[in-house]
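Which chain is which? The protein sequence lines are G and X, in order. Quick note on numbering: this note's numbering labels position 8 of the first sequence as 8, and the sequence is numbered without any gaps. Quick note on numbering: this note's numbering labels position 613 of the second sequence as 675, and the sequence is numbered without any gaps.
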Amino acid sequence: MKLVRGTIRDFAATAIAVVREIFDEAAYARFLSRAGMASSSEAYAAFWREREKSCARRPRCC
Amino acid sequence: MNKALAILGWGTVALLGAVAVGAVALHRGEPINALWLVVAATCCYALGYRFYSKFIAVKILALDGLRATPAERLENGRDFLVTNKWVVFGHHFAAIAGPGPLVGPVLAAQFGYLPGTMWVLAGAVFAGCVQDFVILLFSVRRDGKSLTEMAKDEIGHVGGFVAYVAVIAILIILLGVAALIVVNALKASPWGTFTIAMTMPIALLMGVYLRRIRPGKVLEVSALGFVLVLAAIWGGQYVSQNAALARWFTFSAPTLAILIMIYGFAASALPVWLLLAPRDYLSTFVKLGTIALLAVGIVALHPTLHMPALTRFVDGTGPVFAGKIFPFAFITIACGAISGFHALISSGTTPKLIARETETRMVGYGAMMCESAVAVMAIIAACVMQPGVYFAINSPAGIVGQAPATAAATISGWGFPVTAADMQALAHAVGEQTLYNRTGGAPAFAVGMAHIFSHSLGGETLMALWYHFAIMFEALFILTILDAGTRVARFMVQDALGHVYKPLGRTSWYPSILGTSGLIVAAWGYFLWQGVKDPLGGINSLWPLFGISNQLLATVALCVATTIIIKMHRAKYAAVTLVPLAWLVAVTFTASWHKMFDPNPRVGFLAQAQALAAGPATSATSRLIFNNRLDAAVTGVLVVMVALVLVESVRQWFGILRGTREVRVKESPFVRTRLVEEQG
């Protein structure tokens, strides 16, 4: 039972990590920690200024 | 004991797979159940991953878990970042999964379910997954270099230049075709148009919410956006039922084309955070959820496939697109089997996130297998419909006639019975005025998906909602590609123009932004306009052109891969990429020849131009003749360029094998990873 619960917990944690990465939440968290900033409108604007170039160049497949 | 169990287990999978593939391939007469396709696909993917990808990983690529990847060596917290393998897998799959594996298989279903299924399974296991895997690994070993850079380094300047031009050409043709699919799905459909129109203010709202109200809470705002989109779908039915409101959202194909071009231009020129990024999040949210839901729906409903294994149209007379099963089935289905575009993703963001070389197998080979499974689901969605209905939706008016009774009689005459009353009832059930001549694959897929969903959840009463949900899902997907693709192409053109006049290369200089955005939109808009005005529905000309250009890019990627494998002294295993390369060369060059020179005006661009010139002249004749000649010229230029890469690659291979050429693999030097010690 413990093993099953642990497996489910691991699976859920990985799934959340995947979606947080796909949806750029993890990237924003890394930016905040790197820049030593708290989340705010200004911090998010700064995050996008940094990210704009690489994000906009990212191809989307057919 | 473990070994014996493994042999027994894998033997069972192989046996089950053989039985399922045999049932799919040999069954004739009575309709078969979709579960046969699901079992065949699952077993093929399992065997391909366990044995073939492992063989490639061990014998050819010699994946080294101790070699530090660029994510570790160059980690900067931005582009280069050591990331959990499942996170990279999800990221990679979300990037490669577009509308291609949904639309291509639906169009190719005109040959029956068998050709598409076999190509998707064999193509993915032996070609597509291999391409994605090896290109990803080679990029990881070269500091995350792009395909164009690797082509320049390994094959020469010709390779780099051709890859660059092929990417721009594919993007432009892809964007034109994608926009045409949206136009065909939304024309004269107030419900669908209203829903899609609403996604724009929803995306803008999400952008402002993210920037001003809850910075960075993307999942939260995506869930909110999804609820608003569902509300828009729900509200769409009231718009379509109200004559005054419906008039506001009922557009002809040319009007929709102009609106989409304006949208593409605006999305390319506006700040990323305001429109592009929130739409991308919303589209990804809907995409991942819907694909998962469709998989569950297919397994739960396990519907019967009404389409025969092979139709009479294998002879090349198909109404959806003209051309024989070889080569046209293999260029119509690209993304579900092999897609050159994937090589751009495998040499783009993904290699910069991989923590260990050994993970490239799961990410590169594994994600493409999932993409192929999406294509199998699309085949099932298209083939659950009665074939007569499928052909009525997908055939252009130029082939089956404008009037419902004429179209139904023509299609029934082919041996696929359908009546005007059936089509009227279906259109009514899905909340549309008509479903005739909805070329492009999206409406047919939406009907199939609505059929599966409504039978699994909600019954016939929800058919119209599911249909418009499916249309919204596809259109959202495609519009995201349209805005992201226009922006990517804009950057590529700005990079090139920057060599001519420096300010043009500045991505923040507004005259350059507006000029290059306009240039790219005009280029794909031209193809879109051509498709909208084409009496044969546009898809007949443009989808093969897109398929050819996409597969030609895969040819370039496989040339790069084969060259590197030979340089790595693994020439005896080069067949792993050489055989798919030879197949793609045969397919794309034959298809290109047919599209240019086939004497049948429905197939050959030049023959069609000639037939138009010989026929009665109308106001549109000269433009149609020019368009056909232009399409022939584009095809010819692409083929000649790829032939140059091929010749250059073959010269390299022979030179290396004969010892007359210096062998220099341009990998970054080996650095031992610290991750193992840290973990250990």
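We treat Cβ as the ideally placed atom computed from N, Cα and C, and that holds for glycine. From a predicted model like this one, the values you see are computed outputs, not experimental measurements.
Span of the alpha helix (DSSP H), counted from its first residue to its last, around residue i
i: X:W571; result: Unbroken run through X:W571: none, as it is neither H nor E.
i: X:A76; result: 64 to 88
i: X:K249; result: Unbroken run through X:K249: none, as it is neither H nor E.
i: X:C397; result: Neither: X:C397 is in no alpha helix (DSSP H) and is coded neither H nor E.
i: X:A159; result: No alpha helix (DSSP H) contains X:A159, which DSSP labels as neither H nor E.
i: X:T420; result: No alpha helix (DSSP H) holds X:T420; DSSP gives it neither H nor E.
i: X:W655; result: 637 to 659
i: X:I441; result: 429 to 445
i: X:K629; result: 601 to 629
i: X:M212; result: 209 to 216
i: X:E137; result: First-last for X:E137: undefined, no H or E at that position.
i: G:K2; result: 2 to 22
Spatial distance of residue i from residue j (CA atoms)
i: X:V702; j: X:T104; result: 39 Å
i: X:A508; j: X:A443; result: 8 Å
i: X:A328; j: X:G587; result: 14 Å
i: X:P663; j: X:F403; result: 30 Å
i: X:D205; j: X:M212; result: 11 Å
i: X:A159; j: X:A357; result: 15 Å
i: X:R112; j: X:M424; result: 10 Å
i: X:N304; j: X:S345; result: 28 Å
i: X:Y114; j: X:F195; result: 12 Å
i: X:E724; j: X:T373; result: 52 Å
i: X:V738; j: X:G297; result: 55 Å
i: X:G742; j: X:T411; result: Confidence at X:G742 is low in this model, with a pLDDT of 48, below 50, so its placement is unreliable and the value that follows should be read with caution. One C-alpha to the other measures close to 28 Å.
i: X:D215; j: X:A526; result: 53 Å
i: X:I217; j: X:S201; result: 15 Å
i: X:V291; j: X:S516; result: 19 Å
i: X:Q556; j: X:L237; result: 18 Å
i: X:L350; j: X:L183; result: 22 Å
i: X:L281; j: X:T179; result: 35 Å
i: X:G502; j: X:A512; result: 17 Å
i: G:S1; j: G:R9; result: Ser is not the amino acid found at residue 1 of chain G; the sequence shown has Met there. Looking at the two C-alpha atoms, the distance is approximately 12 Å.
i: X:E134; j: X:F142; result: 8 Å
8 Å contact criterion, which residue i and residue j should meet: CB distance rounded
i: X:G174; j: X:M369; result: 6 Å
i: X:C432; j: X:F155; result: 6 Å
i: X:T257; j: X:M534; result: 5 Å
i: X:I235; j: X:F589; result: 6 Å
i: G:A35; j: G:A45; result: Contact doesn't hold; Cβ gap of about 12 Å is too wide.
i: X:I416; j: X:T131; result: 5 Å
i: X:V446; j: X:D484; result: The pair is not a contact, with the Cβ atoms about 15 Å apart (cut-off 8 Å).
i: G:A17; j: X:N146; result: 6 Å
i: X:L199; j: X:E419; result: 7 Å
Where residue i sits in the DSSP three-state scheme
i: X:G742; result: With a pLDDT of only 48 at X:G742, under the threshold of 50, the placement of this residue in the model should not be trusted; the figure read from the coordinates follows. Three-state DSSP puts X:G742 in coil, outside helix and strand.
i: X:N304; result: coil
i: X:R129; result: strand
i: X:L332; result: coil
i: X:L367; result: strand
i: X:T145; result: strand
i: X:I322; result: helix
i: X:R734; result: strand
i: X:I94; result: strand
i: X:A675; result: helix
i: X:W476; result: coil
i: X:V509; result: helix
i: X:T179; result: helix
i: X:K349; result: helix
i: G:C61; result: coil
i: X:F383; result: coil
i: G:E52; result: helix
i: X:N757; result: Any property of residue 757 of chain X remains undetermined from this structure, which presents chain X solely from 63 to 742.
_Interfacial residues, the segment 36 to 49 of chain G to chain X, with Cβ spacing under 8 Å_ = In summary, the residues of the segment 36 to 49 of chain G whose CB is separated from some CB of chain X by less than 8 Å are S39, S40, S41, A43, Y44, A45, F47, W48, in the order they occur in the chain.
*Return the residues of the segment 388 to 414 of chain X that lie within a Cβ-Cβ distance of less than 8 Å from chain G, sorted by chain order.*
So the list reads A396, C397, S401, F403, H404, L406, I407, G410, T411, given in the order they occur along the chain.
_Residues, ordered as in the chain, of the segment 505 to 521 of chain X that lie near chain G by beta-carbon distance below 7 Å_ = Going along the segment 505 to 521 of chain X in chain order, one finds no residue with a Cβ nearer than 7 Å to chain G.
*Residues, ordered as in the chain, of the segment 274 to 290 of chain X that lie near chain G by beta-carbon distance below 7 Å*: For the segment 274 to 290 of chain X, which is checked against every Cβ of chain G, the residues closer than 7 Å are R274, P277, G278, V280, L281, S284.
*At a Cβ cut of 8 Å, what residues of the segment 138 to 149 of chain X count as close to chain G, listed as they run along the chain?*
Those residues of the segment 138 to 149 of chain X that come within reach of chain G (Cβ to Cβ, closer than 8 Å) are G139, R140, D141, L143, T145, N146, W148, V149.
*Got a sec: which bits of the segment 74 to 93 of chain X sit with their beta carbon under 7 Å from any beta carbon on chain G, in order along the chain?*
Taking 7 Å as the Cβ-Cβ cut-off against chain G, none of the residues of the segment 74 to 93 of chain X qualify.
*Relative to chain G, which residues along the segment 152 to 177 of chain X have a C-beta separation below 8 Å, given in chain order?*
The segment 152 to 177 of chain X vs chain G, Cβ under 8 Å: G152, H153, A156, A157, I158, A159, G160, P161, G162.
*asked:* Taking beta-carbon pairs under 7 Å, can you tell me which members of the segment 340 to 369 of chain X lie near chain G?
replied: Correct list: Y343, T346.
_Counting only Cβ-Cβ distances shorter than 7 Å, please list the residues of the segment 549 to 562 of chain X near chain G, keeping chain order._
Along the segment 549 to 562 of chain X, the positions whose C-beta sits under 7 Å from a C-beta of chain G are R549, V550, F553, read in chain order.
*Taking only beta carbons into account, state which residues of the segment 315 to 335 of chain X come closer than 7 Å to chain G, listed in chain order.*
Identification of residues in the segment 315 to 335 of chain X having a C-beta nearer than 7 Å to some C-beta of chain G yields V334, W335, given in sequence order.
_Short of 8 Å Cβ to Cβ, which residues in the segment 238 to 268 of chain X face chain G?_
Residues of the segment 238 to 268 of chain X with a Cβ closer than 8 Å to any Cβ of chain G, in chain order: A240.
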